[in-house]
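Data first, discussion second: the structure below is written as structure tokens.
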Amino acid sequence: MVHSSRNHRAASIASPTVEPVAVRDDLRGLTGYHSAQVDVAVRLNTNESPYPPPAAWRAELAAALDGVEWQRYPDRRAIGLRRAIAALHGVAWEQVFAANGSNEVLQSLLLAYGGAGRCVVTFEPTYQLHGHIARLTGATVVEGERDSEFGLDAGAAARLIETVQPSVTFLCSPNNPTGRVESPALVRDLLAATPGLLVVDEAYAQFAKWSALELLAEDVALCVVRTFSKTWSMAAARLGYLIGPTWLVARLEQAVLPYHLDAVTQLAGTLALGHVGEMNERVDRLVAERERVTAGLTELDVDVFPSGANFVLFRPRHVDAREIWNGLVERGVLVRDCSGWPRLDNCLRVTIGTPAEDDRFLGALAESLEARPIVAQEVGR
Numbered sequence: 023m024v025h026s027s028r029n030h031r032a033a034s035i036a037s038p039t040v041e042p043v044a045v046r047d048d049l050r051g052l053t054g055y056h057s058a059q060v061d062v063a064v065r066l067n068t069n070e071s072p073y074p075p076p077a078a079w080r081a082e083l084a085a086a087l088d089g090v091e092w093q094r095y096p097d098r099r100a101i102g103l104r105r106a107i108a109a110l111h112g113v114a115w116e117q118v119f120a121a122n123g124s125n126e127v128l129q130s131l132l133l134a135y136g137g138a139g140r141c142v143v144t145f146e147p148t149y150q151l152h153g154h155i156a157r158l159t160g161a162t163v164v165e166g167e168r169d170s171e172f173g174l175d176a177g178a179a180a181r182l183i184e185t186v187q188p189s190v191t192f193l194c195s196p197n198n199p200t201g202r203v204e205s206p207a208l209v210r211d212l213l214a215a216t217p218g219l220l221v222v223d224e225a226y227a228q229f230a231k232w233s234a235l236e237l238l239a240e241d242v243a244l245c246v247v248r249t250f251s252k253t254w255s256m257a258a259a260r261l262g263y264l265i266g267p268t269w270l271v272a273r274l275e276q277a278v279l280p281y282h283l284d285a286v287t288q289l290a291g292t293l294a295l296g297h298v299g300e301m302n303e304r305v306d307r308l309v310a311e312r313e314r315v316t317a318g319l320t321e322l323d324v325d326v327f328p329s330g331a332n333f334v335l336f337r338p339r340h341v342d343a344r345e346i347w348n349g350l351v352e353r354g355v356l357v358r359d360c361s362g363w364p365r366l367d368n369c370l371r372v373t374i375g376t377p378a379e380d381d382r383f384l385g386a387l388a389e390s391l392e393a394r395p396i397v398a399q400e401v402g403r
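All you need for my numbering is the position in the sequence shown, starting with 1, plus 22.
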């Protein structure tokens, strides 16, 4: 049975033949965010944690739900949750903004600092929703380029910023989908060049060796975005946050809708922060597993890119990535097909799972590489 990641995307984008009301002209060519979902035994395509939250946390949350006043609106400013996040990072609670996943944090940032007549810079390939949400707000998006190893030339990046004068510059570190961790020196160089806000998206920062949090200051136009979806095993709850200067957080509170963060999510996030030790142990376990998977990939006929996240990007050398994706699905394993994305020719991305899941992936990949016909020339070069 042959599966197609392209067909899955197309099937999920049903549209009416006639639209009685015209959409904005600048949105006509825009496509939404899509990831093929297939019912298989091993799902390693969306960078979720392979482990559920701690049992003690689940018990605490179940008990605490009895105290929720369901007839009342939640704390509009989520102050209890923000205090808990602030304590974790050693900052003032007024420096913390929380929302429904890091994507709503990004949306709030771009509602406040993007919009028509403004420019946003991204460095491609990177997280698709940076540019997507910016375009939704009416901003012009300028895409800077990475090199063949997905690195950034600091001088070229700074010159681009100085030329286009963006109101917002995005830097994803570790970068999704490439896994690359940007250096402190690069972040400082971009900060020096930008006339606007530098947003460092650190959805995967706990898996890396350094964080831009150490560069934050009240007089610096820098903020860091984090999520509970990865390290904290809470993708189902949709909770993200930002740490930055107090003046920035105050503007975001003006941009977000009232009562945007429900009481249960606030409660779940606050209680999760009582289990930092167990979460750190899981991070260590996943980092070790990432290194094991990377070593396994290097034994196969693929190019492997270094990663500081909970996933690894790789490129089959002699076989079409779409054939490999289908071969993996046929063997009960789902990874992310990045081969149709700009600048990611023939690339696939695998999330780090449990050791058993990763063993099944590596075995299925080896079989798929052997089963597929070799093409005359290297693919994606």
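Don't be surprised by glycine CBs; every beta carbon is placed ideally from N, CA and C. Quick caveat, the model's predicted, so the values are computed rather than measured.
Residue closest to residue i, alpha-carbon to alpha-carbon, out of the options
i       : options                               : result
Lys-231 : Asp-306, Gly-51, Gln-129 and Ala-285  : Asp-306
Leu-274 : Ala-78, Thr-53 and Val-118            : Val-118
Ile-374 : Gly-362, Gly-354, Thr-316 and Val-341 : Thr-316
Gln-276 : Val-60, Arg-98 and Arg-65             : Arg-98
Asp-48  : Ala-161, Gly-123, Asp-367 and Asp-381 : Ala-161
Gly-173 : Pro-328, Asp-359 and Asn-302          : Pro-328
Tyr-281 : Pro-42, Leu-52 and Arg-94             : Arg-94
Leu-238 : Ile-346, Glu-389, Gly-385 and Val-222 : Val-222
Ala-388 : Val-40, Leu-322 and Leu-264           : Leu-322
Ile-155 : Ala-258, Phe-192 and Trp-347          : Phe-192
Ala-176 : Val-164, Leu-208, Glu-167 and Val-163 : Leu-208
Val-334 : Leu-289, Glu-236, Ala-100 and Val-203 : Val-203
Leu-220 : Val-142, Arg-105, Glu-352 and Gly-89  : Val-142
Val-357 : Val-60, Glu-116 and Cys-194           : Val-60
Tyr-226 : Arg-210, Val-242 and Cys-194          : Cys-194
Trp-92  : Ala-285, Val-113 and Cys-245          : Ala-285
His-297 : Leu-66, Asp-380 and Ala-106           : Ala-106
Gln-187 : Asp-169, Gln-150, Glu-116 and Tyr-135 : Tyr-135
Extent of the continuous alpha helix (DSSP H) to which residue i belongs
i       : result
Arg-206 : Reading the sequence as shown, one finds Pro at residue 206 and not Arg. 206-215 is the extent of the alpha helix (DSSP H) around Pro-206.
Tyr-73  : Tyr-73 -> no alpha helix (DSSP H), and no H or E assigned at all.
Gly-318 : 298-320
Glu-171 : Glu-171 -> no alpha helix (DSSP H), and no H or E assigned at all.
Ala-84  : 77-86
Glu-126 : 123-135
Thr-185 : 176-186
For residue i, the three-state DSSP class (helix, strand or coil)
i       : result
Ala-393 : helix
Pro-280 : coil
His-30  : Residue confidence for His-30 is low, a pLDDT of 44 falling below 50, so the modelled location carries little weight; the figure read from the coordinates is stated next. Residue state, collapsed to three classes: helix.
Thr-39  : coil
Ile-265 : strand
Asp-48  : helix
Gln-399 : Confidence at Gln-399 is low in this model, with a pLDDT of 38, below 50, so its placement is unreliable and the value that follows should be read with caution. Of the three classes helix, strand and coil, the one that applies to Gln-399 here is coil, per DSSP.
Val-103 : The sequence given here places Leu at residue 103; Val does not occur at that position. Of the three classes helix, strand and coil, the one that applies to Leu-103 here is helix, per DSSP.
Val-24  : Residue confidence is low: Val-24 scores 47 on pLDDT, short of 50, so the model does not pin down where it sits. No coordinate-derived value is stated.
Arg-94  : coil
Ala-156 : helix
Leu-384 : helix
Phe-6   : Beyond the ends of the chain as shown, which are 23 and 403, falls residue 6; an answer cannot be given.
Leu-66  : coil
Gln-59  : coil
Arg-358 : strand
Leu-151 : helix
Range covered by the beta strand (DSSP E) that runs through residue i
i       : result
Val-190 : 190-194
Val-163 : 162-167
Arg-248 : 244-249
Leu-289 : Element bounds for Leu-289: not the beta strand (DSSP E) but the alpha helix (DSSP H), 285-294.
Arg-337 : 333-338
Glu-146 : 141-146
Val-351 : No beta strand (DSSP E) holds Val-351; the alpha helix (DSSP H) holding it covers 343-352.
Leu-237 : Note, Leu-237: premise wrong, no beta strand (DSSP E); not H, not E.
Arg-371 : 370-373
Within-8 Å CB hit, residue i to chain C
i       : result
Asn-368 : Annotation note: the requested chain C is absent from the structure, which comprises a single protein chain.
Nearest-angstrom Cβ-Cβ length linking residue i and residue j, presumed shorter than 8 Å
i       : j       : result
Leu-110 : Leu-295 : 6 Å
Ala-63  : Asp-359 : At roughly 18 Å, the Cβ-Cβ gap does not stay under 8 Å, so Ala-63 and Asp-359 are not in contact.
Val-355 : Phe-383 : 5 Å
Leu-308 : Asn-122 : So it is not a contact: roughly 25 Å between Cβ atoms.
Leu-264 : Val-246 : 7 Å
Meets three-Cβ-pair contact criterion under 8 Å: the segment 67-87 and the segment 267-279: no
At least three beta-carbon pairs within less than 8 Å, the segment 176-186 to the segment 209-222: yes
Inter-stretch contact at 8 Å, needing at least 3 Cβ pairs: the segment 246-257 / the segment 198-206: no
Validate contact between the segment 360-367 and the segment 295-313 using beta carbons, cut 8 Å, 3 pairs: no
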